[in-house]
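To start, the structure itself, in structure tokens.
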Amino acid sequence: MDKKQELMNAAVHLFSIKGFHQTSVQEIAYAVDISKGAFYKHYDSKESLLVSILKRYQAETLQGLERLEIEEDLSPKNAFAKKLAYELESILADRDFFIMVFKDMPTDGNEQLTALMQEMRSSSSKFHKKMLLDAFGQRIEPFLEDLTTVVEGIQKEYLITIILENRQLSIDKLSRFIASSIEAITLQLDEMEAVFTKTDDIGFSIDSLFGDMETKIKLYSKNTERMLASLDLLRQELQQDEPREFLIEALTDYLSQEKQIEKEVLLLKNHR
Numbered sequence: 003m004d005k006k007q008e009l010m011n012a013a014v015h016l017f018s019i020k021g022f023h024q025t026s027v028q029e030i031a032y033a034v035d036i037s038k039g040a041f042y043k044h045y046d047s048k049e050s051l052l053v054s055i056l057k058r059y060q061a062e063t064l065q066g067l068e069r070l071e072i073e074e075d076l077s078p079k080n081a082f083a084k085k086l087a088y089e090l091e092s093i094l095a096d097r098d099f100f101i102m103v104f105k106d107m108p109t110d111g112n113e114q115l116t117a118l119m120q121e122m123r124s125s126s127s128k129f130h131k132k133m134l135l136d137a138f139g140q141r142i143e144p145f146l147e148d149l150t151t152v153v154e155g156i157q158k159e160y161l162i163t164i165i166l167e168n169r170q171l172s173i174d175k176l177s178r179f180i181a182s183s184i185e186a187i188t189l190q191l192d193e194m195e196a197v198f199t200k201t202d203d204i205g206f207s208i209d210s211l212f213g214d215m216e217t218k219i220k221l222y223s224k225n226t227e228r229m230l231a232s233l234d235l236l237r238q239e240l241q242q243d244e245p246r247e248f249l250i251e252a253l254t255d256y257l258s259q260e261k262q263i264e265k266e267v268l269l270l271k272n273h274r
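3 is the number of the first residue of the sequence shown in the working numbering; add one for each residue after it.
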């Protein structure tokens, strides 16, 4: 195990016991037998270490969901419930750490952490949409934003209850309850009206794409200022009554050089 991983594991342990603010860089470094100065060879700050931990948690959860074996005889609804259970169990496996996340995470004024939380929320929502479509089919597409919001809202409230109030609940029962609740809604869609309409969804998608790109630039780009300036200029140009195509083409070509947002730039070009 390399030192960066050791530092992350030590920090998870200490943050879970003492909280983020009460844990010093010195304590984390001491836990893996290095000096405080050596810590900064691996991470710029305690906050950047926390960012790496959260990114690792989400990456492991999403990769685990993608690898999750679903029995062939399992119904789409029960397969959906199994995926939800895996996601919830992944969070609750480190309950003490996530108590710290809920209570003590320093998001105020920290752009890196704020950007990461936005990216994590966006990634989770995209995965939940795929799970919903896999379970209930394309007919739910006009209601996909609404159903995703319902799933994530129920998840969030139960997690708060389980983690912060230390309630012992059956994850299998909870995941089946969420899946059955969504199924009940899908059976009534013909009599319902979507809250997020298609017009809302188009606007949301464009805003979401720009939000995702901004987040990834802040997290990963080595040319942050130039990339953000180009992204802002592209946003302004697209809002013009008569956008200049040559400028849009030049800006999107430049932005697509950043591999982390290449997919979003392509989606944006195709969405116009």
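Ideal placement from N, C-alpha and C gives every residue a C-beta, glycine not left out.
Pairwise C-alpha distance: residue j and residue i
i, j, result
"Met-107", "Asp-75", "42 Å"
"Gln-238", "Leu-211", "14 Å"
"Leu-257", "Tyr-45", "27 Å"
"Asp-35", "Ser-182", "50 Å"
"Val-153", "Ser-172", "17 Å"
"Leu-236", "Gln-242", "10 Å"
"Thr-254", "Ser-50", "29 Å"
"Lys-48", "Val-27", "6 Å"
"Ser-37", "Thr-25", "15 Å"
"Ala-13", "Glu-193", "51 Å"
"Asn-11", "Ile-250", "45 Å"
"Ile-72", "Asn-168", "30 Å"
"Leu-240", "Asn-225", "23 Å"
"Glu-247", "Ala-81", "46 Å"
"Ile-184", "Glu-227", "43 Å"
"Leu-269", "Asp-174", "37 Å"
"Glu-159", "Ala-186", "20 Å"
"Glu-264", "Leu-90", "31 Å"
"Glu-216", "Leu-230", "7 Å"
"Gln-140", "Tyr-42", "49 Å"
"Gln-120", "Gln-170", "29 Å"
"Thr-201", "Leu-191", "Reliability of the predicted coordinates at Thr-201 is poor, the pLDDT of 47 falling under 50, and the value obtained from them is presented with this limitation in mind. Using only the alpha carbons, I get a separation of about 19 Å."
"Glu-113", "Leu-94", "27 Å"
Own chain, CB closer than 7 Å to residue i, minus 5 neighbours either side, in chain order
i, result
"Asp-203", "Bear in mind that a pLDDT of 48 at Asp-203, under 50, signals an unreliable position, so the model cannot answer this."
"Gln-29", "In the sequence as displayed, the identity of residue 29 is Glu instead of Gln. So the list reads Leu-16, once near-sequence residues are dropped."
"Ile-165", "Arg-97, Phe-100, Ile-101, Phe-104"
"Ala-40", "Ala-31"
"Gly-205", "Confidence in Gly-205 is poor, its pLDDT being 47 and thus under 50, which makes the residue's placement unreliable; the coordinate value appears in the next sentence. Excluding sequence neighbours, Gly-205 sits near nothing in its chain."
"Ser-232", "Leu-253, Tyr-256, Leu-257"
"Ile-6", "Correcting the residue identity first, residue 6 is Lys in this sequence and not Ile. Excluding positions up to five away in sequence, the list reads His-44."
"Asp-4", "none"
Residue j beta carbon less than 8 Å from that of residue i
i, j, result
"Val-53", "Leu-9", "no"
"Pro-78", "Ala-137", "yes"
"Lys-85", "Leu-70", "yes"
"Glu-266", "Asp-209", "no"
"Gln-259", "Lys-218", "no"
"Ser-223", "Ala-83", "no"
"Met-350", "Leu-221", "One cannot answer for residue 350 here, as it falls past the ends of the chain, which runs 3 to 274."
"Ser-124", "Gln-60", "no"
"Pro-144", "Ala-196", "yes"
"Leu-67", "Tyr-88", "yes"
"Ile-180", "Ile-162", "no"
Own chain, CB closer than 8 Å to residue i, minus 5 neighbours either side, in chain order
i, result
"Thr-150", "Ser-127, His-130, Lys-131, Leu-134"
"Glu-62", "Ser-92"
"Ser-18", "Asp-96, Asp-98, Phe-99, Ile-101, Met-102"
"Arg-58", "Met-10"
"His-23", "Asp-106, Pro-108"
"Gly-21", "Met-102, Lys-105, Asp-106"
Beta-carbon proximity list for residue i, same chain, < 6 Å, skipping 5 on both sides
i, result
"Thr-188", "Phe-138, Ile-142"
"Lys-271", "Thr-254"
"Phe-198", "Glu-147, Asp-148"
> In chain order, which continuous runs of the alpha helix (DSSP H) of length 4 or greater are located wholly inside the segment 35-93?
Replying inline: For the segment 35-93, whole alpha helix (DSSP H) runs of length 4 or above, ordered along the chain, are 38-41, 48-69.
> Could you give the uninterrupted runs of the alpha helix (DSSP H) lying entirely in the segment 114-142, keeping only those of 4 residues or more?
Replying inline: Listed in chain order, the alpha helix (DSSP H) runs fully inside the segment 114-142 amount to none, counting runs of at least 4 residues.
> In chain order, which alpha helix (DSSP H) runs of at least 4 residues are fully inside the segment 148-217?
Replying inline: Fully enclosed alpha helix (DSSP H) runs of no fewer than 4 residues occupy 173-188 of the segment 148-217, in order along the chain.
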